[in-house]
Amino acid sequence: MSDSMLIEDTPPEGFRARGAPSAALPGFALAGLASLAGAFFSGVSTADFVAHLDRQVHQIHCSLVPGAAPQLGESGCRTIMLSPYSSWFRDSLWGGLPLSLMALAVFVYLVFRAVDFGLTSDVTRKHTAFFMAAHGLPVVMSAIYFYISSTEIGAVCKMCVGVYVASVFGLIGSVVAHVRAPRSNEPAGASWARWFVEGVAYVGVLVLLYLGAAPTSEKSLEGCGTLVKADDTAKIMVNLSNGRTKAIAVLDPLCPACRAFDDRLGRSGLMSKLDLDAVLFPLDAKCNWMLKTSLHPGACAVTEAMLCDRDRARDILKRAFENQEDWMNRAKNDEAGFRSYLATQFPSVKGCLGTNEIKNKVTKSLKWAVNNALPVLTPQLFIGDRRVCDEDTDLGLEYTLTKMLERAGAGGARAQR
0 MSDSMLIEDT
10 PPEGFRARGA
20 PSAALPGFAL
30 AGLASLAGAF
40 FSGVSTADFV
50 AHLDRQVHQI
60 HCSLVPGAAP
70 QLGESGCRTI
80 MLSPYSSWFR
90 DSLWGGLPLS
100 LMALAVFVYL
110 VFRAVDFGLT
120 SDVTRKHTAF
130 FMAAHGLPVV
140 MSAIYFYISS
150 TEIGAVCKMC
160 VGVYVASVFG
170 LIGSVVAHVR
180 APRSNEPAGA
190 SWARWFVEGV
200 AYVGVLVLLY
210 LGAAPTSEKS
220 LEGCGTLVKA
230 DDTAKIMVNL
240 SNGRTKAIAV
250 LDPLCPACRA
260 FDDRLGRSGL
270 MSKLDLDAVL
280 FPLDAKCNWM
290 LKTSLHPGAC
300 AVTEAMLCDR
310 DRARDILKRA
320 FENQEDWMNR
330 AKNDEAGFRS
340 YLATQFPSVK
350 GCLGTNEIKN
360 KVTKSLKWAV
370 NNALPVLTPQ
380 LFIGDRRVCD
390 EDTDLGLEYT
400 LTKMLERAGA
410 GGARAQR
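Next up, the structure:
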């Protein structure tokens, strides 16, 4: 047989590297499937996040079952998404940079690595050690965010749970691949550096694409209306914080949306920058003539309690937020009994609740909203005399408030010159 025939029968180097599958293939297969599942869950979360960038309320997916219908109401997934932990750089980008987007990029890269290494016949522990280390990243991040969601937010996101489980199985698959792969005497430094840069590139490309399409919402920074009469001549406002920039919040103490807004504002770190007063606007037909039925039974009684003892109003509001469902049920079943309960819980308001004087105060608080032509809606927030748009009180809260505070500070500096 001629030398030329021998050369023709010898497969090219590249194809020889993709020859018979390695013993580590089962581990790569498990890790690849797990990473594919992680990419699916993080991709759905990213899609839900992006859908809200139009500043409207949308349905959100919160089921581990693919194809399950999204939900419009409150859910653990919505709570997690609206929390400041779901994205980074919220004060400089409307909504921030979603963590799920970066998770999606990482999982897609891990799928690529699983396929690439799995089809390489001469794979060694040089490859699998990097593969195992790369899978450690989503596991570590999953542990951190599971702790945050459990202890700080108090909610569980099913999509997040899917990511957590996928991360664990991905790590298990990478360990299996590492155990089954043969040892290697080759230095791993250069290869590891190249693979690491490739992974960073996956994340970087997606981040740049997102930043290029992210909204700025400059128009919303002008606010959605202004106050006609911001002064408190009737002494009906209660102070919530003592920062530098004057702000007014219109709240109902038994309003779930107000509780969520207060929580987001507190977690944002911006509360301390506001000289925040609250105007109480109970959505309870017992005292609010603008309503035919009570949306939040007992809100009038709690409002009276806060106005009876304005020095302790913050404490009463905090207790109201913590016990909203219980207090509304008590008031719905027995209004008089609920008022007695409040007097027991806050002895300083005993003898004040239900008096004509305090009822007149509540009426003046409601009239403050009427005089400023405010909608029958809570919560509402004003920075100076400009109303923060309702669409900017959830995902865009940090960005909008930061920019409005900067403008308010710049305006105050110009006024002092």
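Each residue of the sequence shown is one higher than the last, beginning at 0 in numbering that gives the first Met the number 0. From the three backbone atoms N, C-alpha and C, an ideal C-beta is built for every residue, glycine too.
1) Alpha carbon to alpha carbon, what distance is there between residue 322 and residue 259?
2) Taking all protein chains shown into account, do 16 or more other C-beta atoms lie within 10 angstroms of the C-beta of residue 209, making it buried, or fewer, making it exposed?
3) Would you identify the three-state DSSP class for residue 374, choosing helix, strand or coil?
4) Where residue 255 and residue 122 are concerned, what is the direct C-alpha to C-alpha distance, given to the nearest angstrom?
5) Exposed or buried, which one is residue 402 when buried takes at least 16 other CB atoms within 10 Å?
6) Judging by CA-CA distance, which residue of 37, 40, 58, 114 is the nearest neighbour of residue 27?
7) Quick check: what's the CA-CA separation for residue 199 versus residue 86?
8) Assign residue 303 to one of two classes, buried (16 or more other C-beta atoms within 10 Å of its C-beta) or exposed (fewer than that).
9) With which residues is residue 381 paired in a DSSP beta bridge?
10) Could you have a look at residue 238 and say whether DSSP puts it in helix, strand or coil?
11) Are the CB atoms of residue 109 and residue 169 nearer to each other than 8 Å?
12) Any idea what DSSP makes of residue 393, helix, strand or coil?
13) Using a Cβ-Cβ cut-off of 7 Å (strictly less than) and excluding sequence neighbours within five positions of residue 241, which residues of its own chain qualify?
14) Specify, as a first and last residue, the run of the alpha helix (DSSP H) that residue 174 falls within.
15) When you compare the segment 272-289 with the segment 372-388, are there three or more beta-carbon pairs, one atom per stretch, that lie closer than 8 Å?
16) Just the C-alpha distance for residue 244 and residue 237, rounded to the nearest angstrom, thanks.
17) Identify, in the order they occur along the chain, each residue of the same chain with its Cβ nearer than 6 Å to the Cβ of residue 406, setting aside the five sequence neighbours on each side.
18) Do you know offhand how far residue 400's Cα is from residue 226's?
19) Of all the options 296, 305, 286, 41, which has the alpha carbon lying nearest to the alpha carbon of residue 102?
20) State the DSSP-derived secondary structure class of residue 100, mapped to helix, strand or coil.
21) Under 8 Å by Cβ, that's how I've got residue 277 and residue 250 pegged, so tell me the actual separation to the nearest angstrom.
22) To the nearest angstrom, how far is the alpha carbon of residue 264 from that of residue 391?
23) Just checking my contact of residue 89 with residue 83 at CB under 8 Å: how many whole Å lie between their CB atoms?
24) Nearest to residue 288 by alpha carbon, out of 203, 368, 154, 152?
25) How about residue 191 and residue 253: are their beta carbons less than 8 Å apart?
26) Would you say residue 165 and residue 33 are within 8 Å of each other, going by their C-beta atoms?
27) Pull up the distance between the alpha-carbon of residue 423 and that of residue 22, whole angstroms please.
28) What number of angstroms, rounded off, separates the C-alpha of residue 205 from the C-alpha of residue 60?
29) Quick one: using the 10 Å Cβ neighbour count with 16 as the cut-off for buried, is residue 413 buried or exposed?
30) Can you tell me which of the three DSSP states residue 277 falls into?
31) Do you know offhand how far residue 248's Cα is from residue 315's?
Let me lay it out:
1) 13 Å
2) buried
3) DSSP places residue 374 in coil when its eight states are reduced to three.
4) 56 Å
5) buried
6) 114
7) 18 Å
8) So residue 303 ends up on the buried side.
9) 247, 386
10) strand
11) Closer than 8 Å, so yes.
12) Note: residue 393 maps to coil in three-state DSSP.
13) 274
14) Counted as a single uninterrupted DSSP element, the alpha helix (DSSP H) harbouring residue 174 occupies residues 157-179.
15) yes
16) Whole-angstrom Cα-Cα distance: 16 Å.
17) none
18) 17 Å
19) 41
20) helix
21) 5 Å
22) A direct Cα-Cα distance of roughly 12 Å separates residue 264 from residue 391.
23) 6 Å
24) 368
25) no
26) yes
27) In this structure the chain extends from 0 to 416, so residue 423 is not present and cannot be described.
28) The alpha-carbon atoms of residue 205 and residue 60 are separated by roughly 22 Å.
29) Low confidence applies to residue 413: its pLDDT is 45, below 50, so where it sits in the model is not reliable, and the reading given next is rough at best. Per the 10 Å Cβ criterion, exposed.
30) strand
31) Looking at the two C-alpha atoms, the distance is approximately 16 Å.
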